[in-house]
Amino acid sequence: MKTLLIALAVLTAPTDSLPDFSHPWTLQECVDWAMDHNLTVAGSELTVEGRKIDNQTAQMSWLPSVGGSASQNWSFGRGLGGNNTYEKGNSSSTSFSLNSSMTLFDGLATPRRIQLAKLNLEAATADLQKARDDISVQVAQAYVQILYNYEIREVARRQVQIDSMQVARLQGMFDTGRASAAEVSQQKATLAQSHVTLVNAENNIRTSLLTLAQLLELPGWDGFHVYRPKVTFESSYLPSPDDIYADAVQVRPAIHAEQIRLEGAKKQIQIAKAARYPSLSLSGGLGTNYYTSFATRGFWDQLNSNFSQHVGLSLNIPIFNKLTLRNQVRSAKVQYHNQELQLLRVQHALYKEIQQAWNAAVASRAKYAASLEAAAAAEDAFQLTKAKYENGKATTTEFNEALTRLVKAQSDSVQATYECLYQTSLVDFYRGGQLKL
Numbered sequence: 017m018k019t020l021l022i023a024l025a026v027l028t029a030p031t032d033s034l035p036d037f038s039h040p041w042t043l044q045e046c047v048d049w050a051m052d053h054n055l056t057v058a059g060s061e062l063t064v065e066g067r068k069i070d071n072q073t074a075q076m077s078w079l080p081s082v083g084g085s086a087s088q089n090w091s092f093g094r095g096l097g098g099n100n101t102y103e104k105g106n107s108s109s110t111s112f113s114l115n116s117s118m119t120l121f122d123g124l125a126t127p128r129r130i131q132l133a134k135l136n137l138e139a140a141t142a143d144l145q146k147a148r149d150d151i152s153v154q155v156a157q158a159y160v161q162i163l164y165n166y167e168i169r170e171v172a173r174r175q176v177q178i179d180s181m182q183v184a185r186l187q188g189m190f191d192t193g194r195a196s197a198a199e200v201s202q203q204k205a206t207l208a209q210s211h212v213t214l215v216n217a218e219n220n221i222r223t224s225l226l227t228l229a230q231l232l233e234l235p236g237w238d239g240f241h242v243y244r245p246k247v248t249f250e251s252s253y254l255p256s257p258d259d260i261y262a263d264a265v266q267v268r269p270a271i272h273a274e275q276i277r278l279e280g281a282k283k284q285i286q287i288a289k290a291a292r293y294p295s296l297s298l299s300g301g302l303g304t305n306y307y308t309s310f311a312t313r314g315f316w317d318q319l320n321s322n323f324s325q326h327v328g329l330s331l332n333i334p335i336f337n338k339l340t341l342r343n344q345v346r347s348a349k350v351q352y353h354n355q356e357l358q359l360l361r362v363q364h365a366l367y368k369e370i371q372q373a374w375n376a377a378v379a380s381r382a383k384y385a386a387s388l389e390a391a392a393a394a395e396d397a398f399q400l401t402k403a404k405y406e407n408g409k410a411t412t413t414e415f416n417e418a419l420t421r422l423v424k425a426q427s428d429s430v431q432a433t434y435e436c437l438y439q440t441s442l443v444d445f446y447r448g449g450q451l452k453l
């Protein structure tokens, strides 16, 4: 309930409790905020709280149950009096009792229910960790997209600066008669298109920031921006998918949760089988009463004289219950086999995810290396074309084409850098590491 109230408070937060947007948010700050405010994570936390209550209830099932009662009765006419004979007249009686009972043996169903409740708590805790991991991956993906869009904007700004310089240069040449009006117009059109590219880059940044803000369940996002780390990528050893999977099955909460549920399904079979055995219960109680009208003794004297105690054992032996017990055991076994299949499905899904992540990491590394070479080659080509253009040996079209290739190569290089960092970090994440840039 506390977690739910926190989640609701986030959605209705007053202005003075809004998140601080006075500084750029790091990836870790985004992840931490998501852990505290994401509604999916909050729901998983509530599930854990419920399982804790169930576990505590199961732990207390060993204790005896105790109950007390008191009654007051009035009778009119002939009735049983305090001397245990029937007499005519009005009378009343007051009685008190205290009773207790506990199960001594139930085919070991009680200890297995306790074990099952503990397993359910462990499974819910693993589900909570999975929810946190899932939201961490989503936050990291959205964060990297913002960084990529930031860099694309910088490329677009550089292109606008270069095109602006070229317009000014051609305008000066036109004024001295060394360039035609068509060349100036063509360069101005190129500059206008660069401005459009810059506007689109700005819009993409706002869209990606909104995506992350919604993922974080931020009550407002105006002014929200993220920290741009200085990224460098150093190639490291990349394990095979089988090695990654061998580590992942030991640490991934999704696998752990299904393994726990499989163990719980086995307990359900044992609990169902326990109903075949006799059950033995112990009961006891205290009681006393007080009679009026026919009474010849006082209240406390009667309570003391009528005080009684009892202790009893109750043995319940199942003989025939229309095959209900047998079918309950069979149903529990079916559920166990279903859980086996569920565990296999999750394991296969994890292996496929790892294969895809590994393949993406390999591809991103190759793309990163190739993009660096392409960017360097495009830079050299642009500088040569620029020199020829300034000396009148290259046309405006050739210059703009070289510039376009350079901008695209730089854009591809930025994209490849962030993609490589993210995919490599994702592989480490499957092995139990942290997502980081």
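At the far end of the sequence shown sits residue 453, using this note's numbering, and the numbering has no gaps.
Every residue, glycine too, gets a C-beta built ideally from N, C-alpha and C.
It should be emphasised that the depicted structure is a prediction, and the values quoted were computed from it without experimental measurement.
By the Cβ neighbour-count rule, R222 is exposed, with fewer than 16 other Cβ atoms within 10 Å of its own. Minimum Cα-Cα distance from I130 among the listed residues S38, Q284, Q203, S441 corresponds to Q284. By DSSP's assignment, G300 forms a beta bridge with S116, V327. In this structure, the CA atom of T73 is about 21 Å from the CA atom of G59.
Between F112 and A86, the C-beta gap is smaller than 9 Å, which places the two residues in contact. Annotation note: the segment 213-274 contains no uninterrupted beta strand (DSSP E) run of length 3 or greater.
Sequence-distant Cβ neighbours of K289 in its own chain, meaning closer than 6 Å and more than five residues away, are V345. For Q88, the uninterrupted beta strand (DSSP E) run begins and ends at 81-91, by DSSP.
If you draw a straight line from the Cα of A385 to the Cα of P257, it comes to about 22 Å. One Cα belongs to W237, the other to H272, and the distance between them is close to 36 Å. The count of Cβ pairs closer than 8 Å, one atom from the segment 296-315 and one from the segment 360-370, stays below three, leaving the stretches out of contact.
According to the DSSP assignment, G188 belongs to the alpha helix (DSSP H) that extends over 125-191. Closest in C-alpha terms to S299, from the list E65, F121, P80, comes P80. In the DSSP assignment, T73 forms no beta bridge with any residue.
For L228, the closest C-alpha among the options K246, L186, I162 is that of I162. Annotation for R342: the continuous alpha helix (DSSP H) segment containing it runs 340-406.
Within the same chain, and ignoring the five residues on either side of Y293 in sequence, the residues whose Cβ sits closer than 7 Å to its Cβ are G123. Counting every other CB atom within 10 Å of its CB across the protein chains shown gives I370 a total of 16 or more, marking it as buried. Bounds of the alpha helix (DSSP H) holding F315 are 315-321.
One thing to note: N219 has its Cβ no nearer than 9 Å to the Cβ of I168. For K104, the three-state secondary structure derived from DSSP is strand. Following the DSSP letters along the chain, one finds S441 inside the alpha helix (DSSP H) bounded by residues 412-446.
Beta bridge pairing from DSSP links S111 with S87, N305.
By the Cβ criterion, the segment 232-250 is in contact with the segment 32-47, since at least three pairs of Cβ atoms, one from each stretch, lie closer than 8 Å.
K383 sits buried, since 16 or more C-beta atoms from the chains shown fall within 10 Å of its C-beta. Each of L296, S324, L357, Q355 was checked against the Cα of N332, and the nearest Cα belongs to L296.
The segment 133-153 and the segment 62-77 touch, with three or more beta-carbon pairs separated by less than 8 Å.
Taking a cut-off of 8 Å for Cβ pairs, the segment 373-380 and the segment 438-452 touch, as three or more such pairs fall below it. Annotation for P269: A142, Q145, K146 place their beta carbon closer than 6 Å to its own, counting only its chain and skipping 5 residues before and after. Nearest Cα to S324 within the set N115, L437, A197: N115.
The C-beta of A391 has 16 or more other C-beta atoms within 10 Å across all chains shown, which makes the residue buried. Of the residues assessed, N337 falls on the exposed side of the cut-off, its CB having fewer than 16 other CB atoms within 10 angstroms. Residue pairing for W49: DSSP places it in no beta bridge.
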